[in-house]
Amino acid sequence: MAALQIDDLPAAIRHAKRTLRAQLPNYQAVFEDIAQAVSEEARRIAALRDAGEAVIPEIDFADIAAQRVSAEAIAQVKARGACVIRGVFAPEVAARWDDEIAGYVTRNDLDARLAHRAEDRYFGQLQSSKPQIYGVYWSRPQVLARESAELTAARVFLNRLWRHESEGRVHFDPEVVPVYADRLRRRPPGSASLGLSAHCDGGSVERWIDDNFRRVYRHVFAGDWRRYDPFDAAFRPDVNEIPSPAVCSMFRTFQGWTALTPQGPGDGTLQLVPIANAMAYILLRALQDDVAEDDLCGAMPGRALSIRPEWHAPLFEALTSIPQMQAGDTVFWHSDVIHAVEDEHRGAGYSNVMYIASAPGCAKNDAYLQRQLPSFLEGRSPPDFPADHFEVDFAGRGGERDLTPLGRSQIGLPREP
């Protein structure tokens with residue numbers, strides 16, 4: 003799929019705004035309707051949170067495995083755009099993986115190499131700096147977790163929350179779970195100002211400029227925003243991104259991570275705005291007359307889409323830290339959900355995770371698998387990430403020998419050697 007090339011961004015933004023406003027002459031009134039509804043939802047979530055109620059749905063993996071997740075729980079996940087899945091892995095398994103990763107990065111002297119890492123600049127415009135994310139993709143625990151039957155079942159469940167057939171087309175196969183190799187976070191206690199400000203991944207200025215992104219949000223841009231279904235996959239596998247290190251070029255149904263250590267609020271953990279359709283607010287906010295004609299509320303190409311108090315204030319009321327996680331628990335959030343990372347880790351132990359998303363089988367993802375496969379075989383950084391290639395000569399790197407038949411198919415190899 004062709005990457006999106008924009009030679010004159012200010013002109014492209016001005017043109018996009020003219021086009022979208024012409025299609026929606028009452029863009030101000032529609033935005034006011036969205037703003038009222040989203041503000042009410044944010045206040046409701048904040049009130050529940052402040053009263054000690056859980057606002058991010060929690061599901062036991064055992065219920066997924068037994069196919070007994072209730073319709074009510076599914077509806078809650080789709081409304082909030084996120085969920086915690088408890089007990090995907092036994093705590094002792096996750097702890098063993100955490101120890102193995104610690105040995106892997108220490109034995110191969112990763113810290114010395116990090117001083118020479120490439121700068122991806124993906125979070126460059128966010129107010130807070132990057133958390134301690136390691137450019138490690140192919141440790142044996144990461145390979146084993148991605149191919150595991152447990153995490154595969156969890157991600158098939160998540161994929162199936164989407165409408166994978168609509169508009170007369172089949173958009174993806176929810177039963178297929180390709181590997182999207184991502185990094186690690188190893189955050190020591192006492193670290194401060196290492197968080198991430200509120201943002202969305204999976205497209206910044208492209209959401210307004212790319213034709214297929216506009217089709218994803220066709221109901222919003224047509225003013226019929228209540229018909230917008232964040233879980234309708236129509237046109238999502240067809241969008242075009244501006245190429246940049248750390249901009250995901252796969253279609254992910256959910257972003258996610260797996261806890262390797264216990265961690266909770268105050269431990270430098272993930273925060274979410276659990277409103278699945280908040281993107282409708284973000285999209286039309288940028289069309290309002292108080293935003294400069296060549297500006298999309300600060301959106302920058304090749305960067306995370308920053309969510310800022312000066313433009314998106316009502317959404318911040320719902321910003322909530324995820325609940326206490328145990329080793330082996332996972333958290334997943336819709337690819338349009340606003341998220342952040344707490345600046346300070348005030349806890350007593352490491353706050354460690356493996357970033358493992360949920361992605362389905364589709365042509366866009368198959369194309370990325372073909373590009374990613376040589377990275378796995380040679381220990382190089384995957385195509386979407388800075389070209390550090392730390393692991394090429396790492397002892398103990400996960401490899402083809404560690405793959406099950408399922409793992410082989412998920413990475414893009416034949417099921418049998």
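Per this note's numbering, residue 3 is the first one in the sequence shown, and the count goes up by one each step. Quick reminder that beta carbons are idealized off the backbone N, C-alpha and C, glycines included.
Contact with chain E by residue i, beta-carbon distance below 8 Å
i    : result
I103 : No chain E is part of this structure, which consists of one protein chain only.
Inter-residue Cα distance where the pair is residue i and residue j
i    : j    : result
A5   : P247 : 13 Å
D292 : T21  : 18 Å
C299 : I36  : 17 Å
G409 : V172 : 25 Å
F253 : D240 : 9 Å
P264 : G89  : 12 Å
P419 : V145 : 17 Å
V275 : E402 : 39 Å
P388 : I103 : 20 Å
A151 : R157 : 10 Å
C202 : W335 : 11 Å
D297 : D404 : 48 Å
F392 : P311 : 37 Å
N242 : V355 : 29 Å
P59  : D10  : 43 Å
S130 : R348 : In this predicted model, S130 has a pLDDT of only 49, less than 50, meaning its place in the structure is not dependable; the value taken from the coordinates is given anyway. Their Cα atoms are separated by approximately 17 Å.
V222 : R162 : 24 Å
A53  : A77  : 22 Å
Buried/exposed call for residue i, threshold 16 Cβ in 10 Å
i    : result
D184 : buried
P316 : buried
P232 : buried
Q273 : buried
E55  : exposed
S337 : buried
L379 : exposed
E169 : exposed
Q257 : buried
T255 : buried
R229 : exposed
N28  : exposed
S353 : buried
T406 : exposed
P416 : exposed
Q374 : buried
Proximity winner among the options, relative to residue i (alpha-carbon distances)
i    : options                : result
E208 : L415, H17, Q290, G414  : H17
V32  : A77, L415, G225        : G225
W164 : Q30, G268, S360        : S360
I413 : G381, E393, H391, Q372 : Q372
W210 : A39, L289, G105        : L289
N367 : D62, F174, S308, I76   : F174
E43  : E74, L26, A81, I15     : A81
Q134 : F159, S206, V95, G270  : G270
Presumed contact (8 Å Cβ cut-off) between residue i and residue j, rounded CB distance
i    : j    : result
R148 : I358 : 6 Å
D386 : V249 : 7 Å
Y136 : L198 : That belief does not hold up - the Cβ atoms of Y136 and L198 are roughly 15 Å apart, past 8 Å.
S383 : Y139 : 7 Å
A194 : E346 : 5 Å
H166 : A235 : 5 Å
V339 : G83  : 4 Å
G262 : D100 : Per the sequence presented here, residue 262 reads as Leu, with Gly not at that position. At roughly 4 Å, the Cβ-Cβ gap stays under 8 Å, so L262 and D100 are in contact.
query = Touching or not, the segment 264-281 and the segment 107-115, by the rule of three or more beta carbon pairs under 8 Å?
reply = no
query = Is it true that the segment 66-76 meets the segment 296-309, where meeting means three or more beta-carbon pairs spaced less than 8 Å apart?
reply = no
ask   = Below 8 Å, can you find three or more Cβ-Cβ pairs linking the segment 388-407 to the segment 98-109?
value = yes
query = Is there contact here, the segment 174-193 with the segment 327-335, by at least three beta-carbon pairs under 8 Å?
reply = no
inquiry  = Would you call the segment 212-219 in contact with the segment 309-326, where contact means no fewer than 3 C-beta pairs closer than 8 Å?
reply    = no
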